[in-house]
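Presented below is the structure to which this report refers.
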Amino acid sequence: MFSNFSLDKLTTSISTAAQQVEESLKNNSYLPTEVSNTLSFKKTSRFFQEKVGTISEHEISKLPESYIGLEQKTDQLVKILKRIIIVTKTFEIDGYDYPPNLTESLNDWWSSQQQPATEKQDLQFSKSFASAISKAAYESEELLKHLHQSKNTKKQKNNETQDETEEPADEVEEEDDDEEINNLIEIFDSWCKCFQEVDKNKIDMDSTMIKDFNVKLEKMIQVDYKNAMTLRNKVNDSRLEFDAIRHDIKTKEDAAAAIAKAQPQPTIPEQTEIEETKTKTEETKTEEEPKEENTKKEEPTESNKPVEEEDLTESEDYKLLEKLEDEFVSNTTEAAEGMMEFTNNTEIIKLIKLFQQTQLNYYKKCTEELEKNMKFLDEFEVDESSTAA
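All the letters of the sequence shown, read from the start, carry residue numbers 1 to 389 under UniProt numbering.
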């Protein structure tokens, strides 16, 4: 049946296969309802018989090894895709990299400070690690500003109550302290802005992963794979129908052969008597020709009627079997083509390249922001000796 089946020839036989499928569908469309129902019943019965093992292996039509290999490749590929999407679905979870319990601990602590309202308090922070860093830097900056403002207020009050003759105490030390606080305010401000940009880039990256990568991956699993499975199911259905009808025909042939074998064969005397009767019949043929002709016309009609009906049924069975075989081969070719499209490496490579390019763009932008922030931080002098101590 599949002696000429070759995957190498599928590309050139697509149109032929499509035409065969169309013709097959047309043929099925005008099958009598009784035949269609019988086929459906026999297919279902055959399915359960194979499941429970009452059908021997040699009675089941074998598919080409190349087709079976495609089935295995398709099933393994969809397992890979499902494993990947389990990971990449993480991008759809809000705050997937947000530090745990940070909202409660940091917000409660910050609210307890009862800081005055500032312009930056209206900033919106998303739930991400970069946003958490930015928020921590922002709140640290606000605390330092609050501390600096408190010191300035206290200093102003002290200056008002201080005698004109008194020298300001530790004036130089206070100026140094103010400069350190101002430096920290600038540093935390730059840190906050740096990770705000990192967070924006992360939002763009997440959006691409969700709306582009995951959507294409879902399509391969939910649409392309299911289409391939639909074609494979058609192959299995057509195989079950073909095998069921072939089994019925074989059963009828075996029964007819058994009946013929059971009938007694004529003996030699009986055979001689038959030949003598034929000779006598030929001698009287001229005299009774009109009568004999009528008899010959009538007798076969009556005596051979069951045989003719049996031959007609047998002919219809073989026609149905031939059509089911054509449909089986056509569906197998179409399913093989569908699985070849699904397992084509092109789509997988495109997806992986999309993933890597998205990640690369994100990390490039992050690197640019971090380098810019480091350039700013390098402007501040650091006492290396005190750090080492």
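The C-beta atom is built at its ideal place from N, Cα and C for all residues, glycine as well.
Just so we're clear, the structure is a prediction, and the values are computed from it rather than from any experiment.
In this structure, F342 is the residue among N214, F342, N361, E369 with its C-alpha nearest to the C-alpha of Q72. Scanning Q359, K353, R246 for the CA closest to the CA of H58 turns up R246. Rounded to whole angstroms, the gap between the alpha carbons of I80 and I348 is 10 Å. Ranking I352, K250, C366 by CA distance to the CA of F195 puts C366 first. Counting along the chain, no alpha helix (DSSP H) covers T54, and no H or E run does either.
The alpha-carbon separation between S140 and F188 amounts to approximately 7 Å. Of all C-beta pairs linking the segment 195-204 to the segment 318-330, fewer than three are shorter than 8 Å, placing the two stretches out of contact. Residue state for L63 is assigned as coil, using DSSP reduced to three classes.
Within the same chain, D97 come within 6 Å of F129 by CB-CB distance, once the 5 residues on both sides are set aside.
Put simply, the backbone Cα of F47 is about 7 Å away from that of L240.
Three or more beta-carbon pairs drawn from the segment 219-233 and the segment 321-339 are found closer than 8 Å, and the two stretches are therefore classed as touching. Linking S66 to F328 through their CA atoms gives a straight-line distance of about 16 Å.
DSSP places N233 inside the alpha helix (DSSP H), whose first and last residues are 225-262. A straight line joining the alpha-carbon of A257 with that of A244 spans about 20 Å.
Distance from the CA atom of V87 to the CA atom of D94, rounded to whole angstroms, is 14 Å. Spanning the alpha carbons of F41 and F213 requires a straight line of approximately 44 Å.
Apart from the 5 residues on each side of it in sequence, I185 sits with its Cβ closer than 8 Å to the Cβ of E141, L144, K145, H148 in its chain, given in chain order. The C-alpha of R83 lies about 42 Å from the C-alpha of K323. In the three-state reduction of the DSSP assignment, K127 falls in the coil class. If you look at M374, you'll find it in the alpha helix (DSSP H) that goes 345-377. The Cβ atoms of I221 and I85 sit closer than 8 Å to each other. The C-alpha of Y363 lies about 53 Å from the C-alpha of K62.
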